[in-house]
Amino acid sequence: TNEMKEGQKAGLCVMGKEYNLIGIVKENGKLSLFSDINSEVSTLAGNFAKIYLQVTVTSEKGNNQFYYSTDNKTYKPFGGKFIVNNGHWKGPKIGLFSYNEKENGGVAKFDWYQYEHDGPQEILPPVKLK
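As structure tokens, this is what we get:
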């Protein structure tokens, strides 16, 4: 987060027909947690030099939820629950994002990304990002 530029947002997304986000935004030189759920934006100021993000996506309509943690042990829900409608491809797509609407550049570093599912029980190792 120390290489993020003013206006930059970075975090975790769930996309279907619409998009929903949770992440960090740099505004006025400070980092805040934010969520964008069905175009309703929430922010939380704090010391977010390192943060853990999580999402639960279920087949139960309207029961998807983002979470955050500062210690990777205790996760708190953030933003409202949301629906993922099928878009141009089947089902929701989960991913990482970084963009800036104010200026060019900026770096977002993600240490790791892990995907767990309740489908076929193959062992999937965590993906190490560089």
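If you're matching positions, the sequence shown starts at 1 in the UniProt record's numbering and goes up one per residue. Heads up, the beta-carbon is just placed ideally off N, CA and C, and yes, glycines get one too.
- Cβ atoms of Val84 and Val55 stay farther apart than 8 Å, at about 10 Å.
- Taken atom to atom, the span from the alpha-carbon of Leu21 to that of Asp118 is near 22 Å.
- For Ser35, the enclosing beta strand (DSSP E) starts and ends at 30–37.
- Going by DSSP, Gly106 is part of no beta strand (DSSP E) at all; its letter is neither H nor E.
- Here DSSP, grouped into helix, strand and coil, assigns Ile51 to coil.
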